[in-house]
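The block underneath contains the structure these notes are about, expressed in structure tokens.
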Amino acid sequence: MIGIVLGSGLGPLADAVVVEREVPFSEAGLPASSVPGHAGKFVFGTLAGSPVVLMKGRVHLYEGHPARLVTAGVRWMAGQGVKQLILTNAAGTLNPQFHPGTWMMLSDHLNLTATSPLEGADFIDLSVAYDADWRATFRSAAAASGTVLHEGVYAGLRGPQYETPAEIRMLHTLGADAVGMSTVLETIQARSLGLQVAAFSCLTNWAAGITAATLDHHEVLETGKQAAQSMIGLLTQVLGKK
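The sequence shown begins at 287 in our numbering and counts up by one.
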């Protein structure tokens, strides 16, 4: 079974799923997210004939939760039989070639949250955090369908404040192509459990200082909704071949 975590504004991805049952976060021992665009429930069903469980929304460090609680949904899905995990998020783009409204597949990440869900646990290797074979599959599917799919490095920060222009310049120097407030801890948790991981950022806005525009969460949600359809097509294409 494949797990899919839906980030801010990406709830419409669930519309493509043939729903069998729903489980509120509370029944799985998770707190509900307080952030708009995060429904707070698991949805079991099929997508393109493949069994899936969607995590509609997530909880975040910036809501005051510790790393272990932020990643509890990943552990719960693994306990339900999930072997492969697809993570999605809304992110700001630092790369001038990666325009808002498009998608970026994560090739690597920078964990700048200053924490880990594995504190007190054994070491794990993150040389290939995002599965190379799975990335190749998505890359080929995107090319075949004419879907714009960038690849790059995601910087995960704690939030909740957006970054300053100086911080964005620093992240660009460090090699980041996109920046957000999720995903990296979930990837660390998933890899520690032996799950195969792929992750995608919906690039919803230019990062601070790249344009004169101010950053607004409502813009993030709206752009995510508009871009969701292309990811639905890509997931349907890949999962339909399984």
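Beta carbons are placed, not taken as given, at the ideal position from N, Cα and C, and that holds for glycine. On a predicted model such as this, the values are computed, not experimentally measured, just so you know.
Of the residues 463, 401, 459, the one placed nearest residue 348, counting alpha carbons only: Mapped onto the sequence shown, residue 348 falls at position 62. Per the Cα distances, 401.
query: Going straight from the alpha carbon of residue 343 to that of residue 357, what length do you get?
result: Looking up residue 343 in the sequence shown gives position 57. Looking up residue 357 in the sequence shown gives position 71. Going by the C-alpha atoms only, they are around 12 Å apart.
query: Is the number of C-beta pairs between the region 369 to 380 and the region 300 to 319 that are closer than 8 Å three or more?
result: no
task: Reducing DSSP to helix, strand and coil, say where residue 384 ends up.
output: Walking along the sequence shown from the start, residue 384 turns up at place 98. Three-state result, residue 384: coil.
field: Secondary structure of residue 395, DSSP reduced to three states
entry: Within the sequence shown, the letter at position 109 stands for residue 395. Three-state result, residue 395: strand.
message: With a threshold of 8 Å on Cβ separation, who are the neighbours of residue 523 within its own chain once the five nearest residues in sequence on each side are excluded?
response: As a first step, residue 523 must be located in the sequence shown, where it is residue number 237. For residue 523, where only same-chain residues beyond five positions count, the Cβ hits under 8 Å are 334, 427, 430, 431.
- request: Just list the alpha helix (DSSP H) runs in the region 300 to 363, keeping only unbroken ones of 4 residues or longer that don't cross its boundaries, in chain order.
  value: 353 to 356
- request: Please name the residue, chosen from 423, 340, 466, that lies closest to residue 439 on a Cα-to-Cα basis.
  value: The residue given as residue 439 occupies position 153 in the sequence shown. It is 466.
field: Nearest-angstrom beta carbon gap, residue 495 and residue 454 [assumed within contact, 8 Å]
entry: Here the question's residue 454 lines up with position 168 in the sequence shown. Here the question's residue 495 lines up with position 209 in the sequence shown. The Cβ separation is near 5 Å, so the contact holds.
- request: Starting from the C-beta of residue 337, find all residues in its chain whose C-beta is less than 6 Å away, skip the five residues before and the five after it, and write them out in chain order.
  value: As a working note, residue 337 is residue 51 in the sequence shown. Only 287 meet the Cβ criterion.
field: Coarse secondary structure for residue 390, derived from DSSP in three states
entry: Counted from its first residue, the sequence shown places residue 390 at position 104. Strand at residue 390.
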